[in-house]
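In my numbering, the protein residues as written are 1 to 130.
Backbone N, C-alpha and C fix where the C-beta goes; we use that ideal spot for every residue, glycine too.
Written out below as structure tokens is the structure these notes cover.
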Amino acid sequence: MYVALDRNDRPYYACDAGCIDKPMPLSKELKQFPVKLTRPLTAILYITADKLHMEELKHAIHVQEINEAPAHEHHVIALHKHGHHFGGLPTIFWVSIAFLVIIFHLFLCKMIYNEYCQGQDRFTRTRYNV
């Protein structure tokens, strides 16, 4: 997980789950934090402006086990990215969109051809025959 500050109005510190590592100062540059799975469950990331509080938090959190969190499986990533397990939109959707775009442009070209390339006879008639 990458973390950065959007503004530096005061110093902020962060530590990962369990706060076993020392607090790292945050800045506008991205810092990488490992995602850890703890037992009992704790927050993935702690962020505060009080460094002393962060150091006390290291001794206050009592965890039995800390492991690196497993990576998500492909179907979970596809579900979050696309909204369903198949990943991306179906092919028939893209084929129908391409078909509609082509039909629209053919219709547009036909209209332009009819307006500019055919004779101007229909506009030369007068309104009244006298």
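Three-state secondary structure assigned by DSSP to residue i
i    : result
M24  : strand
V95  : helix
I47  : strand
I77  : helix
G109 : The amino acid at residue 109 is misidentified as Gly; the sequence shows Cys. Residue state, collapsed to three classes: helix.
Environment of residue i [buried if 16+ CB atoms lie within 10 Å]
i   : result
M54 : buried
G88 : exposed
T42 : buried
A17 : buried
Integer Cβ distance of residue i from residue j, believed to fall under 8 Å
i   : j   : result
P2  : L30 : One point to set straight first is that residue 2 is Tyr, not Pro, in the sequence displayed. Y2 to L30, Cβ: 4 Å. Contact.
L45 : K28 : Not really, about 17 Å apart at Cβ, beyond 8 Å.
R7  : A49 : With 8 Å as the limit, R7 and A49 do not qualify as a contact, their Cβ atoms being about 13 Å apart.
For residue i, the nearest candidate out of the options (CA to CA)
i   : options            : result
P70 : I61, V95, L79, P34 : P34
H59 : R39, C19, A78      : C19
Q32 : P40, L41, A49, Y13 : Y13
I47 : L41, V63, L26      : L26
E56 : L41, Q64, D21      : D21
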